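Shown next, in structure tokens, is the structure this report addresses.
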Amino acid sequence: MRRLALIVALFALLAPGAAFAVRPDEMLKDPALEARARHLSEELRCMVCQNQSIDDSEAPLAHDLRVLVRQRLEAGDTDLQVIDYLVSRYGDFVLLKPPFKLDTLLLWGLPPLALIAGLAAVIAMARRRSGVPQGPEPLSSEEREKVATLVGSDPSGP
Amino acid sequence: MIPELGHYALVLALALGLMQSVVPVIGAVTRDGALMRLANSTAVMQFVFVAASFLALTICYVTSDFSVATVYENSHSMMPLVYKISSVWGNHEGSMLLWVLILSLFGALVAVFGGNLPSTLKANVLAVQSWIACAFYIFILLTSNPFLRLAQAPFEGRDLNPILQDPGLAIHPPLLYLGYVGFSIAFSFAIAALIDGKIDAAWARWVRPWTLMAWMFLTLGIAMGSYWAYYTLGWGGFWFWDPVENASLMPWIAGTALLHSAVVMEKRNALKVWTILLAILTFSLSLIGTFLVRSGVLTSVHAFASDPTRGIFILCILVLFIGGALSLFAWRAPMLKQGGLFAPVSREGALVFNNLFLTTACLTVFVGTLYPLALEALTGAKISVGAPFFNLTFGPLMIALLFAMPFGPLLAWKRGDLYGAAQRLMAAFGIGLAVVVFTFLIEGRTAIVSVCIVGLAFFIMAGAVTDLIERTGLMRVPLKVAASRAAGLPRSAWGTAIAHFGIAVSLLGIIAAGTWGAERIVAVKPGQTLSLSGYDLIFNGLKEQPGPNYSSVVATFTVREGGETIGVLRPSKRSFATRSMSTNEAALMARGFGQLYLSLGDSEADGSLAVRLYYKPMVLLIWIGAVVMMLGGALSLSDRRLRVGAPKPARARPAMQPAE
Chain A
1 MRRLALIVAL
11 FALLAPGAAF
21 AVRPDEMLKD
31 PALEARARHL
41 SEELRCMVCQ
51 NQSIDDSEAP
61 LAHDLRVLVR
71 QRLEAGDTDL
81 QVIDYLVSRY
91 GDFVLLKPPF
101 KLDTLLLWGL
111 PPLALIAGLA
121 AVIAMARRRS
131 GVPQGPEPLS
141 SEEREKVATL
151 VGSDPSGP
Chain B
1001 MIPELGHYAL
1011 VLALALGLMQ
1021 SVVPVIGAVT
1031 RDGALMRLAN
1041 STAVMQFVFV
1051 AASFLALTIC
1061 YVTSDFSVAT
1071 VYENSHSMMP
1081 LVYKISSVWG
1091 NHEGSMLLWV
1101 LILSLFGALV
1111 AVFGGNLPST
1121 LKANVLAVQS
1131 WIACAFYIFI
1141 LLTSNPFLRL
1151 AQAPFEGRDL
1161 NPILQDPGLA
1171 IHPPLLYLGY
1181 VGFSIAFSFA
1191 IAALIDGKID
1201 AAWARWVRPW
1211 TLMAWMFLTL
1221 GIAMGSYWAY
1231 YTLGWGGFWF
1241 WDPVENASLM
1251 PWIAGTALLH
1261 SAVVMEKRNA
1271 LKVWTILLAI
1281 LTFSLSLIGT
1291 FLVRSGVLTS
1301 VHAFASDPTR
1311 GIFILCILVL
1321 FIGGALSLFA
1331 WRAPMLKQGG
1341 LFAPVSREGA
1351 LVFNNLFLTT
1361 ACLTVFVGTL
1371 YPLALEALTG
1381 AKISVGAPFF
1391 NLTFGPLMIA
1401 LLFAMPFGPL
1411 LAWKRGDLYG
1421 AAQRLMAAFG
1431 IGLAVVVFTF
1441 LIEGRTAIVS
1451 VCIVGLAFFI
1461 MAGAVTDLIE
1471 RTGLMRVPLK
1481 VAASRAAGLP
1491 RSAWGTAIAH
1501 FGIAVSLLGI
1511 IAAGTWGAER
1521 IVAVKPGQTL
1531 SLSGYDLIFN
1541 GLKEQPGPNY
1551 SSVVATFTVR
1561 EGGETIGVLR
1571 PSKRSFATRS
1581 MSTNEAALMA
1591 RGFGQLYLSL
1601 GDSEADGSLA
1611 VRLYYKPMVL
1621 LIWIGAVVMM
1631 LGGALSLSDR
1641 RLRVGAPKPA
1651 RARPAMQPAE
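Dropping the structure here:
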């Protein structure tokens, strides 16, 4: 993590200009191909940024990746091939949507599991409690006195 | 002298805090009224001293006293006054001072306005509040003292981070902290109830206004932060699933769940244990958020501090309070009696459904935010969890919850009639369906999911209106009767309908701006025209313009629609010499609820200028919706029943009062 911070700081130093995400000179002539490139860019992480896609990021690395994605597309790669290529080069870290595998089992599994477990708990609770009729909590002696003074009767009454 | 006074005031606040942490608890155990009442004065005085400390720091910033280290690091004598003031909390030390200022403010408010609380409960609440305050006073004094002096005062400061030199910094952090820290009251009430071992519907009625207030501020704070990011970061995004954003979203979701479960507890005396747990969890998530942002465990645009000793200190606070609270909960909660039976299909059941989905959604954000950190710490493997993950997991949970939302208020307490509710929602559903068909015909089959969600938003809005119509009997009784019923309707009922309406407004904005926006990224030369979504922008040229502590280049674009000039856009780039950084100031123009958004890029070699132009339809609805939600909360807060003062017995109510 600290290394990442360093890299970010370094890039901030190297790139003082407020360049911005996709630049006009990067864009492909073929609108269909460019649209695919943009779509892919949204799913890919700029590795020196904090949770930014390369489509959004101003970092020079994001620029390089955007150009790389477009080069692969122009060379005739399918979307899947481009992603596979980038993963083989940079690892899963480059994917903003982590792949489903052993490492990420809990990440993907926990939300649906929690929903099912919660639902089961609610149903179990409802079943268990429906059998036991419960009245309101009995009043404490303090409260009974208060009621009595309010009503104006003897607290020890019937 | 002034910084030393500020430092001393903070130490005095700590001394008072330590007293308030112990004495009222002893008083509560021994039933000694004098000891319990001590907390009233110490809570107010704590606030006075922290406010004095904060004022001292502000004076240092306003007078540009660069002998104080944090002022030197984060200020500049040429900055406009508003940024000099807001840079007080635009750094780690100052923002922690703001944190405790708000914490002590809430403590003082309980002391002043909590007159109708049972004395032992009040004493315990104020003591718990003081435990938290003391932990953070010690944290500030030991690791993040904002009043430290430099041996030799520099002549000029190092300037505030240019990204933070924005009105957003003046508003966003205070609002966010009012929300974050406001949940501490719910936490203190929960702990006090667990210590007391007694909890009833009245408890929920005391807790709800505080939670509602915190929730309102947090709603506005998150919306404000999102709008700030939208106009400042230059590409028109408004939510990035950045861990720091998630850190503020989690307490908001949990707080929303808490608001709803507290209703059940107040009205039906049910869900007690769960409400207590939620109160603990909500503030715990606020603490976790503080830890994530303040410890530097994440590095992002928001994290302007990173120092491991601080991280470990906050982690200790975290473990102490969350661990302690949950242990206390595990020990005492089984003693709390459950009350109020209800059928699965009922208002209570709907609120349980709400809580189930909100909690799962909150867990999803939690896992998505912390999983990469945990995985890297445990195995060294690095993964990213970004927007595509949350859209796939958080999205469906929210959609399911939102679809069910209009049904809840239409169900009766104890035993509801789902079929009847569905029947009454037929008109709303019809409106939603009509909108789906209409949008589908206009926009075509490219974004069928978005089209359906637009329909859902209209269904929710119409559902909220249906709720009000049902309660006032607008279609069945004479208008006059309906009007008097509307006036007699509890404000909290209006609040519910308005807040539910607001969330649909936001949803509409999010979907429309995300799906049907248009963009152009091109290089233009002076005199050239840019066209997008029926608007023509003529580039008039660039101009240099000096600012107080920066120099800027401003581009001027004349905007035309159908041949008529409708305005001028002036996006700019600012260069700050002191930090050799520059910022991008996008230019915005509202068209109805949509916006034209123009930001500048680099100048190209051939003299042309790269620009990004967006048209974002309905985008303003995102934040308008949040404001509507907040207004709903405010209306509910003003309900007689929830007023912080003693709920006086109702006088003769209007005869036509509908059954609730």
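Residue numbers (the working numbering), protein chains in the order written: chain A, 1 to 158; chain B, 1001 to 1660. Ideal placement from N, C-alpha and C gives every residue a C-beta, glycine not left out. Remember, predicted model here, so these are calculated numbers, not experimental data.
Partner residues in the beta bridge of lysine 1573/B, as assigned by DSSP, are Val1553/B and Asn1584/B.
Near chain B, meaning a CB-to-CB distance below 9 Å, the residues of the stretch 90 to 115 of chain A are Gly91, Asp92, Phe93, Val94, Leu95, Leu96, Lys97, Pro98, Pro99, Asp103, Thr104, Leu106, Leu107, Trp108, Leu110, Pro111, Pro112, Ala114 and Leu115. Put simply, the backbone Cα of proline 111/A is about 15 Å away from that of alanine 121/A.
Following the DSSP letters along the chain, one finds aspartate 1602/B inside the beta strand (DSSP E) bounded by residues 1594 to 1603.
Here DSSP, grouped into helix, strand and coil, assigns leucine 139/A to coil. A buried status is given to alanine 1214/B, since no fewer than 16 other beta-carbon atoms sit within 10 Å of its beta-carbon. For glutamate 43/A, a Cβ of chain B is located within less than 8 Å of the residue's own Cβ. The beta-carbon distance between arginine 66/A and serine 41/A, rounded to whole angstroms, is 6 Å. This is short enough to meet the 8 Å contact definition.
Rounded to the nearest whole angstrom, the CA to CA distance from glutamine 1423/B to valine 1367/B is 39 Å.
Around the beta carbon of alanine 1204/B, a 10 Å sphere encloses 16 or more other beta carbons of the protein chains shown; the residue is thus reported as buried.
Rounded to whole angstroms, the gap between the alpha carbons of methionine 1045/B and arginine 45/A is 50 Å. Taking a cut-off of 8 Å on C-beta distances, the stretch 1357 to 1365 of chain B does not touch the stretch 1213 to 1230 of chain B, as fewer than three cross pairs fall below it.
With a cut-off of 8 Å on Cβ pairs, the stretch 1008 to 1020 of chain B is in contact with the stretch 1126 to 1144 of chain B, counting three or more such pairs. For the C-beta of proline 1243/B, the chain A residues within less than 8 Å are, from N- to C-terminus, Gln50 and Asn51. Taking the CA atoms as reference points, asparagine 1269/B sits about 5 Å from alanine 1201/B.
Any Cβ of chain A closer than 8 Å to the Cβ of proline 1344/B would place that residue at the interface, and such an atom is present.
In this structure, the straight-line span from the alpha carbon of tyrosine 1061/B to that of alanine 1028/B is close to 43 Å.
With fewer than 16 other Cβ atoms from the protein chains shown falling within 10 Å of its own Cβ, lysine 1525/B counts as exposed. Proline 24/A and valine 1522/B have their C-alpha atoms spaced approximately 5 Å apart.
Under the 8 Å criterion on CB atoms, aspartate 84/A is classed as non-interfacial with respect to chain B. A Cβ-Cβ contact shorter than 8 Å links serine 1184/B with isoleucine 1132/B. Ranked by Cα distance from glycine 91/A, the first of Met47/A, Asp79/A, Glu143/A and Pro60/A is Met47/A. Contact between leucine 1542/B and phenylalanine 1557/B is absent: CB atoms are separated by about 11 Å, not below the 8 Å threshold.
In the structure shown, the three-state DSSP call for arginine 1560/B is strand. The alpha-carbon of phenylalanine 1049/B is positioned some 58 Å away from that of threonine 1439/B.
With its beta carbon at least 8 Å from every one in chain A, leucine 1537/B lies outside the interface. Taking C-beta atoms as the reference points, tyrosine 1371/B and glycine 1289/B fail to come closer than 8 Å.
For valine 22/A, at least one C-beta of chain B is nearer than 8 Å to its own C-beta.
Against chain B, a Cβ distance below 9 Å from leucine 68/A picks out nothing, because the smallest value is about 17 Å.
About 6 Å separates the CB atoms of valine 1451/B and glutamate 1443/B; that is less than 8 Å, so the two are in contact. For tyrosine 1072/B against proline 1154/B, the beta-carbon gap comes to about 6 Å, under 8 Å, which counts as contact.
The contact set of glycine 1237/B on chain A, defined by CB atoms closer than 8 Å, consists of Asp56 in chain order.
When only Cα atoms are considered, isoleucine 1199/B and cysteine 1316/B end up about 29 Å apart. Under the 8 Å criterion on CB atoms, glycine 1380/B is classed as non-interfacial with respect to chain A. For valine 1522/B, there is no enclosing alpha helix (DSSP H); the enclosing beta strand (DSSP E) has its first and last residue at 1518 to 1524. For phenylalanine 1389/B, the neighbours in chain A by C-beta distance under 9 Å run, in chain order, Leu96, Lys97, Pro98, Leu107 and Trp108.
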